[in-house]
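The sequence shown begins at 217 in our numbering and counts up by one.
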Amino acid sequence: MRVGVLGPVRADGLAVGGARARALLARLALEAGRPLTHGALIGALWTAAPEHPEAALHSSVSRLRRALPDPSVLRSVPAGYLLDVPDDAVDALLFERLVREGREELRRGRPAAAAGTLDRALGLWRGEPLADAGDPPYAAAVVQRWTGLRLDAREDRAGAALALPGADPAALAAELEELAAARPLREGPLALLIEVLADDGRTPEALAAYEAHRARLAEELGVDPGPRVRRAHLRALRGEPARSVPGEPPAPLTSFVGREADLARLRERLAGHRLVTLTGPGGVGKSRLAAEAARTASGVRVRTVSLTPVAAGQDVPHAAARALGLRPSRSPVETLADALGMAETLLVLDGCEHVVDAAARLAADLAARCPGLRILATGREPLGVAGEARLPVPPLAPEAAGRLFTDRARAADPDFSPTEEAAAVWRALDGLPLAIELAAARLGSMPLADLAAQMTDRLAVLTGGDRTAPPHQRTLRGVIAWSWDLLAPAEREAAELLSVFAAPFTAGAAAGLGVPAPTLYALVDRSLLDSAGGRYRMLDTVREFGRERLAAAGRLEGARAAHAAALLAVAEGLGAGLRGPGQREGAAALAADLDDLVAALAWAYESGDTGTAERLGSVLGLFWLVRDEHAAAARLLRPTGPRTCALYLLNVLFAGESAAGAASAPGAGSPEGAVATALLALADGAVADAGAALAPHLDAPDPWERGLVRQVSSFLQGAAGNAAGVRADLERALAGFAEAGDPWWTATASLSLAAACSAAGALEEARGHLARARGLGVGEQVWRAMMAVDAGDPETARAELREAAAGGGSARRAARARVCLADLERHDGDLAAAGELLDSCSHLARDSRAPDRILYATAAGFLEVARGAADAAAPRLAEAFDLVVSMADPPMLAHVGVGVADLLLLAGAPERAARVLGAARVVRGGPGDGHPDVVRVTRALAGHLPRIEAGAALAPEAALALLRRERAALTPGPPPSPPSR
């Protein structure tokens, strides 16, 4: 619990009881953790003791305890009470400690550290101390002491400011005049005032202040001013600066984290160049990196000039001279050159961006006059001086950002430890040290969970920075606004337009928004954009600011429309090759702009621009299809016309999801419309209607469209149990796709043909189709491996699966590969290895994607049968059956049927097992005798061939009905519903 007495008395920010309760709390707090006797407390609360003082005290303590946020801290001890809180939990005690520390830091020559400590101390005051505690007997003395300490702290803070570069002399003089008036006989404020006035060129005022003080002392006390005031007066008369080593780098208040490699690069640059400029966006840490380089420089004299407070370019030389404690008697540049002389010196010009021309002239003049001088400048852009070496300061890498956040968070909360939630915070801040430090400081006033939740509004949350910093460097919004205001009007407008890009973009895409290349390059020079690999990137925080500006000006929707139009042009230019030989190159180029393409598509949906949505969705739907990113398409694509409807449904189908009710039939007037209509009809079980929709387009003149129609027609033939029709359609589909030069669809048709040939027992032909698919190098690797197993080629399958399981692709693909490898280990009799592989990807059993759950459940069911665990196998195979029936996947349903036959064989029901095995042949469209499980179960049922043949003679509907009956016998009750999509 924290107690505040430097203002109204508060406990954890809350008012507590009445005036006497607050007075009691304050008195206990002043002895935090130490007991006070009954007598001491009675004397502190009552000028005249009440009739029963101890009873009155106990009553007051009871009332106070009930009012406290944490009653347990008010403890009874023998003959007294104590408030069990640490000293630093009481603002007055913390204030006293900080004032002592600030004075010690100032005495040891660390003005920057002293300034930070004293600012923290003074910031604890909220008003008149004990303002609402009545007038207890002890109050007058402690309030007087605290008020005196506050004046001491203000005086020391002024002394620290005078020792630091960049102080505002006018504001400092006003502060010291107020302090001198409050304590007219005290010499410290007056001595500082004389120094400030003299150093600011106001020598007559400095001498007048001395004379007024001397006269007052003589009149009131008959004494002369003390030595400190006399020394300040003498320096003013002689024109000497108040500090002997002005311009020295300030001592840092915080540790230097995450820039070790950048510091090493900077030292290398300074060793080889006399002028180095650190550039980068606001808040990236240029000033801190320069300060660290200056602080740790060896063998040279170091001087630092902060140009941030300078308002106009013509003031730059004068400000530099003042920062170095010089009073020019001629031109400030000559005075600076004389002072810097021939000695080896590193001069830091910090914060040049708003006076870049003047800073460049000063740097060039000084470098020409002082051969031993090296200059390190910081700013948003280079100075543009001959011989300058530019060193961009990049955002922190994630690991360094995490270290910085943790370091600063522990300053706000010593018990902080990094978590994934904390990592989400620092990852949202673009690696900007200022933003990271502002976020970490927030942990002193808000829970981490709240901070993480508010990262979507970073600019509003990240405020309250260092009070000693210039105003624009105290908030994230202020830093970005400062950079924005320094841009030319055309550059500001361009930056705002470019903020609609969601990811790195090309100069061509920027031109589509009306941003010409010279303006783009200017924004790179001014650190509003990064450039790498021919693309331009805006930091997320800068992008958020730019979008705010667009929205405030009513231009956001127009910019998003222009962005969508530009991306549509990019998509249609690259998407033309997705149906032919240029598919790989076109897909790779589209992938580079995918985030922005998706953003443009989302805007088209939001704004109701169905024309853009249909055209852009047509490209993206095909892109996701040929990249095997079907789940992304199912999530992001919406049917807005015949083509997008067909592509959406194909992606849904390949994602293993149900197309039933997924869209409205667009009509069969075009090949794409016919495909969409057929897929929807097939999902509803209306195979005849699906065939009627496709019939007019089976021999479409365009080879790619003809291939697509025939591929979908093969689905209908499979649903009807027409194995010959499946192969015939797939052969025509393959011919169409091959003629069009489409590698993905050619591979897909080849794999489908391999499956059909394997089912029919034509294993050599199946292997030929597999070889073609592998040669094209596209398509789903795990699917190719499964087809190889069907075709009786386990070694090829094993090689494919090991490559996929190594994790070169997605984690999901690697998990699927391990499931299939588990099957191969089981086929080889290594049940332990199979079990370990399945255990490593057991998360697929809970996956929301039906195909992955089917794959895992089937493999697990077969393994449990092999182990002889019928009770464990039954629910696995039942789950797989229910899911695969909902997907209408005949080959997979047949494979599950083989698993059911295997289970029945284990359970001692070989005749039922034989009929199920025969029914699986019907569903598959052939014997499938290349698959090891089919071969094994068929061999085990060799004595029941008539039953197998009887099952294989069933009509497709009857075969499916038989499989459903056997599934119903696996587990009690109705089959579970398939998961919703």
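Every residue gets a Cβ at the ideal spot worked out from N, C-alpha and C, and that includes glycine. Treat the numbers as computed from the prediction; the structure is a model and nothing was measured.
Contact between E981 and Q997 does not hold, since the beta-carbon distance rounds to 22 angstroms and is not under 8 angstroms. For A593, the uninterrupted beta strand (DSSP E) run begins and ends at 589-595, by DSSP.
Taking 4 residues as the shortest admissible run, the stretch 548-592 contains the following complete alpha helix (DSSP H) segments, listed from N- to C-terminal end: 548-556, 572-585. By the Cβ criterion, the stretch 822-832 is in contact with the stretch 853-863, since at least three pairs of Cβ atoms, one from each stretch, lie closer than 8 angstroms.
Check the Cα spacing between H1059 and each of R1029, A1082, H1043, L1079: the tightest is with R1029. Three or more beta-carbon pairs separated by less than 8 angstroms link the stretch 775-786 to the stretch 814-821, which places the two stretches in contact. Excluding five sequence positions before and after P285, the CB atoms of its chain that fall closer than 8 angstroms to its own CB belong to M217, A227, D228, L230, given in chain order. A residue is called buried when at least 16 other Cβ atoms come within 10 angstroms of its Cβ; M754 meets this threshold and is buried. Sequence-distant Cβ neighbours of A1038 in its own chain, meaning closer than 6 angstroms and more than five residues away, are A1050, L1053, L1054, A1075. In this structure, T893 sits near A909, with a CB-CB distance shorter than 8 angstroms. DSSP, reduced to helix, strand and coil, places Y354 outside both helices and strands of the structure shown, so it counts as coil. Taken atom to atom, the span from the alpha-carbon of G901 to that of L969 is near 23 angstroms. Distance check between L946 and each of A956, R490, Q927 places Q927 closest, using alpha-carbon atoms only.
V786 and L739 have their C-alpha atoms spaced approximately 23 angstroms apart.
At a cut-off of 4 residues, the continuous stretches assigned as alpha helix (DSSP H) that sit fully inside the stretch 497-532 are 502-511. Fewer than three Cβ pairs drawn from the stretch 326-341 and the stretch 277-291 lie within less than 8 angstroms of each other, which leaves the two stretches out of contact. With fewer than 16 other beta carbons inside 10 angstroms of its own, S547 counts as exposed. Take L992, set aside five residues on each side of it, and the residues of its chain with a beta-carbon closer than 7 angstroms to its own are P959, T962, A963, in chain order. In terms of CA proximity to G770, E709 leads the group R342, T672, E709. Pairing P443 with H429 gives a Cβ-Cβ distance that is not under 8 angstroms. Residue range 296-299 is occupied by the beta strand (DSSP E) that includes G296. Contact check for S699 against R596 passes: the beta carbons are separated by less than 8 angstroms.
A straight line joining the alpha-carbon of G1124 with that of G1084 spans about 12 angstroms. Counting every other CB atom within 10 Å of its CB across the protein chains shown gives T263 a total below 16, marking it as exposed. Shown here, F839 sits in a helix according to DSSP, grouped into three states. Around the C-beta of L1109, 16 or more other C-beta atoms lie within 10 Å, and the residue is accordingly described as buried. Residue state for T253 is assigned as strand, using DSSP reduced to three classes. Of L401, E1011, S288, the smallest CA-CA separation from L1040 is found for E1011. For the stretch 312-345, the full-length alpha helix (DSSP H) segments reaching 4 residues or more read 327-338 along the chain.
The straight-line gap separating the alpha-carbon atoms of Y1072 and A1048 is approximately 16 angstroms. Residue state for T757 is assigned as helix, using DSSP reduced to three classes. A straight line joining the alpha-carbon of Q670 with that of V677 spans about 7 angstroms.
Bridge pairing for S292: Y297 [DSSP]. DSSP, read as helix, strand or coil, puts G796 in coil. For A245, the closest of G233, V221, A235, G694 by C-alpha to C-alpha distance is V221. The DSSP-derived three-state label of T493 is strand.
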